[in-house]
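For reference, the structure discussed in these notes is given below.
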Amino acid sequence: MIVAVAGGKGGVGKSTVALNLATALDAVVVDADLTMADLPTAHGPDLHDVLAGRADAVEAVREGGAVDVLPCGRSLAGARAADPAALDDTLAAVERAYGAVVVDSPAGLSADAGLPLFAADACVPVTTPDRAAMADGLRTRELARTFDASVVRVVLNRNNETVSTADVAAAFGAPVVAVPESDAVAAAQDGGVPVVASDPSSAAAARFADLAAAVQSCRSV
Amino acid sequence: MHLESTTRRRADVTLVELVVTNEADEDRRVRVENCLDGPVWYPRRSGRAAHGWDESGYEGVVPAGDRRALGYACPAPASDPPARVAVSEPAAGDDPTTAADVLADLGDPRPPRDAVPVEGPPEEEDIAPAPREPDAVGGAKRSRSGARDRPDAGDEPAPDRPGGGGRPGVSDGEVPRAVAAWLDAVERRLADGATSADRRALAAVADRAEALRRRASDR
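Here it is as structure tokens:
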């Protein structure tokens, strides 16, 4: 199964959600943000190399940590040389080898945001309580519709009780998982570690576990 | 082609929910038509009929083994069945959307050619600064100074950098990538016996490196 974590606005927490969802699902998380890579990386082939045909998808997956990661490159030249359309085959190859893939999609509505939705079976839009994020999240939801990527859950990140989750669910047409603003998440993300691994008893970790359970229940359908 | 339907009545409007399942081994084109005694109020996007919808129903391709969820409204009362599969035929010959189509439709996200530096290795600080490196990620943990990482492997091979000055992107105590790659290549060739060219190059590099090392220690 391929799940795209998406959301039109930058900074809403897609990478945090993607990292934690992949950890909870025992999936590989792929950083598909070709020009603003966000997930932790280390020496070795990365998604730029894979999309430029210099490396196999599977050899670029880093194992051994809390979660398996296929990181993205961080240079303009690498982004330029990559063929974004190769992402579809890349994700399929990782899925064949590992079973489940979570794609950290970039912000916006251009092809780099559309291609993960095109390739994915399901989508998790991420928003924060502010109007700009919600508006962009709804646009992403529309884009997901055009690619038949069903919305499993909407993540209302950094929830501060200023909006009703029922209203968000009605707007997006899907149930909401609200993840609270928390020091545990901020500290974990600063360390590049998923909070479900670093602080599994935290409220945020429990919400990510709920999200993973919802995704799993769709997987068997 | 299998069709399941549900209807609900809300404020004098019948809401019809359908699931069309293609149980065949091939992609099939299907036409689903409304059987209720009233017009189809189809879903709209920006005021226009959503893709595949018209006044009598929906037409589209359902991939092999897959299904489509459809919904529409109608002012007429509900009846059973509310809709039917009018046409179901193999969809061979229809070109499905490819990733290349998506790229063409939504716009190439790559940075323009002019934005890519032509001299020297690509610098990672061209884009966002690299995040901190966690133990959570597999692979060797590199020693770093500050938040900068080394230039990407696999990009254009690093040409010689003229002039002095600090070389951004190289962490303390690490051999520059181009030098390390050359040394690795020489080491591999040594397995077959050293060439005279390698011997001369190694001697020249060793002499120069030693001279520079002594100068650096004197400061």
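Just so you know, the protein sequences line up as chains A and B, in that order.
Residues 1 to 221 (my numbering) make up the first sequence, in order.
Residues 1 to 219 (my numbering) make up the second sequence, in order.
For glycine and all other residues, C-beta sits at the position ideal for the given N, C-alpha and C.
* beta strand (DSSP E) segment containing ARG113(B), residue limits -> To locate residue 113(B), count along the second sequence from 1; it is residue 113. Run containing ARG113(B): none; DSSP gives neither H nor E here.
* Asked: At a Cβ threshold of 8 Å, is GLY107(B) touching chain A?
  -> Translated into the one-based positions of the second sequence, residue 107(B) becomes position 107. Judged by the 8 Å Cβ criterion, GLY107(B) is in contact with chain A.
* Asked: Hey, is LEU15(B)'s beta-carbon within less than 8 Å of any beta-carbon in chain A?
  -> Translated into the one-based positions of the second sequence, residue 15(B) becomes position 15. False, the Cβ-Cβ gap to chain A never drops below 8 Å.
* Asked: Can you find a C-beta in chain A that's less than 8 Å from the C-beta of PRO82(B)?
  -> For the purposes of this step, residue 82(B) is taken as the residue at position 82 of the second sequence. With 8 Å as the cut-off, PRO82(B) does not count as an interface residue toward chain A.
* Which residues bound the alpha helix (DSSP H) around ARG80(A)? -> For this step, residue 80(A) is matched to residue 80 along the first sequence. ARG80(A) -> alpha helix (DSSP H) spans 76-81.
* To do: Would you give the residue range spanned by the beta strand (DSSP E) that CYS218(A) belongs to?
  => Position 218 of the first sequence, counted from the start, is the residue given in the question as residue 218(A). Unbroken run through CYS218(A) is the alpha helix (DSSP H), 203-219; no beta strand (DSSP E).
* 6 Å Cβ shell around THR41(A) - same chain, five flanking residues per side excluded -> Looking up residue 41(A) in the first sequence gives position 41. Closer than 6 Å at the Cβ level, and outside the excluded window around THR41(A), lie PRO71.
* **Near-chain B residues of the region 110-142 of chain A (beta-carbon distance less than 8 Å), N- to C-terminal order** => Residues passing the 8 Å Cβ filter: SER110, ALA111, ASP112, ALA113, GLY114, LEU115, PHE118, ALA119, GLU142.
* To do: Please list the residues of the region 29-40 of chain A that have a C-beta atom closer than 8 Å to any C-beta atom in chain B, keeping them in chain order.
  => In summary, the residues of the region 29-40 of chain A whose CB is separated from some CB of chain B by less than 8 Å are LEU34, THR35, MET36, ALA37, ASP38, LEU39, PRO40, in the order they occur in the chain.
* Considering only C-alpha positions, which residue in the set ARG208(B), ARG199(B), ASN22(B), LEU36(B) is nearest to GLY57(B)? -> Position 57 of the second sequence, counted from the first residue, corresponds to residue 57(B). Here the closest residue by C-alpha is LEU36(B).
* To do: Compare the Cα-Cα distances from SER75(A) to each of MET36(A), ALA206(A), SER150(A) and report the closest residue.
  => In the first sequence, counting from the first residue as 1, residue 75(A) sits at position 75. Ranked by how close their Cα comes to the Cα of SER75(A), the residues MET36(A), ALA206(A), SER150(A) have MET36(A) in first place.
* Asked: Measuring CA to CA, which of LEU70(B), THR195(B), ALA64(B) is closest to GLY52(B)?
  -> Here residue 52(B) refers to the residue found at position 52 when the second sequence is read from its first residue. Answer by Cα proximity: LEU70(B).
* Closer than 7 Å: ARG208(B) CB and nearest the ligand ATP heavy atom -> The ligand ATP is absent from the structure shown, which contains no ligand whatsoever.
* To do: Just the C-alpha distance for TRP41(B) and ASP12(B), rounded to the nearest angstrom, thanks.
  => Translated into positions along the second sequence, residue 41(B) becomes position 41. Translated into positions along the second sequence, residue 12(B) becomes position 12. Approximately 13 Å, taken between the alpha carbons.
* Residues in the region 173-190 of chain B with C-beta within 8 Å of chain A's C-beta atoms, listed in sequence order? -> none
* **Alpha carbon of ALA64(B) to alpha carbon of ASP27(B), nearest angstrom** => In the second sequence, the residue the question calls residue 64(B) occupies position 64. In the second sequence, the residue the question calls residue 27(B) occupies position 27. Their backbone Cα atoms lie some 4 Å apart in a straight line.
* To do: Compute the Euclidean distance between the alpha carbons of PRO84(A) and ASP49(A), then round it to the nearest angstrom.
  => For the purposes of this step, residue 84(A) is identified with residue 84 of the first sequence, where counting begins at 1. For the purposes of this step, residue 49(A) is identified with residue 49 of the first sequence, where counting begins at 1. The alpha-carbon atoms of PRO84(A) and ASP49(A) are separated by roughly 11 Å.
* In DSSP terms, what GLY57(B) is bridged to -> As a first step, residue 57(B) is located in the second sequence; it is residue number 57 there, counting from the start. Per DSSP, the beta bridge partners of GLY57(B) are GLU33(B).
* Asked: What does VAL116(B) touch in chain A if you count any residue whose Cβ is under 7 Å from its own?
  -> In the second sequence, counting from the first residue as 1, residue 116(B) sits at position 116. LEU76, ALA77, ARG80, listed in chain order.
* To do: Tell me, please, whether the CB atom of LEU47(A) is closer than 8 Å to any CB atom in chain B?
  => Mapped onto the first sequence, residue 47(A) falls at position 47. Chain B contact via Cβ: absent.
* Asked: According to DSSP, which residues form a beta bridge with PRO125(A)?
  -> Residue mapping note: residue 125(A) aligns to position 125 of the first sequence, counting from 1. In the DSSP output, where bridge partners are listed per residue, PRO125(A) has ALA6(A).
* **Any chain B beta carbon closer than 8 Å to LEU91(A)** => Here the question's residue 91(A) lines up with position 91 in the first sequence. Answer no: the Cβ-Cβ gap between LEU91(A) and chain B never drops below 8 Å.
* Asked: Which residues bound the beta strand (DSSP E) around ASN20(A)?
  -> In the first sequence, the residue the question calls residue 20(A) occupies position 20. DSSP places ASN20(A) outside any beta strand (DSSP E); the residue lies instead in the alpha helix (DSSP H), whose first and last residues are 14-25.
* GLU187(B) - DSSP class collapsed to helix/strand/coil -> Sequence index remark: in the second sequence, residue 187(B) carries index 187 (1-based). Correct three-state label for GLU187(B): helix.
* Output yes if chain A places a C-beta closer than 8 Å to the C-beta of ALA100(B); else output no. => In the second sequence, the residue the question calls residue 100(B) occupies position 100. Closer than 8 Å to some Cβ of chain A, the Cβ of ALA100(B) qualifies, so yes.
* Starting from HIS48(A), follow the alpha helix (DSSP H) in both directions and report where the run begins and ends. => Walking along the first sequence from the start, residue 48(A) turns up at place 48. Taken as a continuous stretch (DSSP letters only), the alpha helix (DSSP H) holding HIS48(A) covers 47-51.
* Asked: What is the DSSP secondary structure of VAL196(A), counted as helix, strand or coil?
  -> For the purposes of this step, residue 196(A) is taken as the residue at position 196 of the first sequence. Three-state result, VAL196(A): helix.
* Asked: Beta-carbon separation of PHE172(A) and LEU138(A) under 8 Å?
  -> By 1-based counting over the first sequence, the position of residue 172(A) is 172. By 1-based counting over the first sequence, the position of residue 138(A) is 138. Against a cut-off of 8 Å, the Cβ pair of LEU138(A) and PHE172(A) comes out as a contact.
* ALA85(A) touches chain B at which residues, Cβ-Cβ below 7 Å? -> Reading the first sequence from its first residue, position 85 is the one you call residue 85(A). Residues of chain B passing the Cβ test: ALA99, ALA100, LEU103.
* Count the CB pairs spanning the region 9-27 of chain A and the region 207-217 of chain A that are closer than 8 Å, and state whether there are at least three. => yes
* **Cutoff 8 Å: ASP88(A) Cβ touching any chain B Cβ** => As a first step, residue 88(A) must be located in the first sequence, where it is residue number 88. ASP88(A) counts as touching chain B.
* Asked: Out of GLU89(B), GLU174(B), ALA206(B), which has the shortest C-alpha to C-alpha gap to GLU23(B)?
  -> Locating residue 23(B) in the second sequence gives position 23, counting from the first residue. For the residues GLU89(B), GLU174(B), ALA206(B), the minimum Cα distance to GLU23(B) belongs to GLU89(B).
* Asked: Does the Cβ of THR162(A) have 16 or more other Cβ atoms within 10 Å, making it buried, or fewer, making it exposed?
  -> Position 162 of the first sequence, counting from 1, holds the residue named residue 162(A). So THR162(A) counts as exposed.
* Helix, strand or coil: which one does DSSP assign to VAL168(A)? -> If you number the first sequence from 1, residue 168(A) lands on position 168. DSSP places VAL168(A) in helix when its eight states are reduced to three.
* **Segments assigned alpha helix (DSSP H), at least 4 residues, entirely inside the region 107-160 of chain A** => 111-119, 131-146
* **Distance between ASP89(A) and ALA203(A) (C-alpha atoms, nearest Å)** => Within the first sequence, the letter at position 203 stands for residue 203(A). Within the first sequence, the letter at position 89 stands for residue 89(A). C-alpha separation (whole angstroms): 36 Å.
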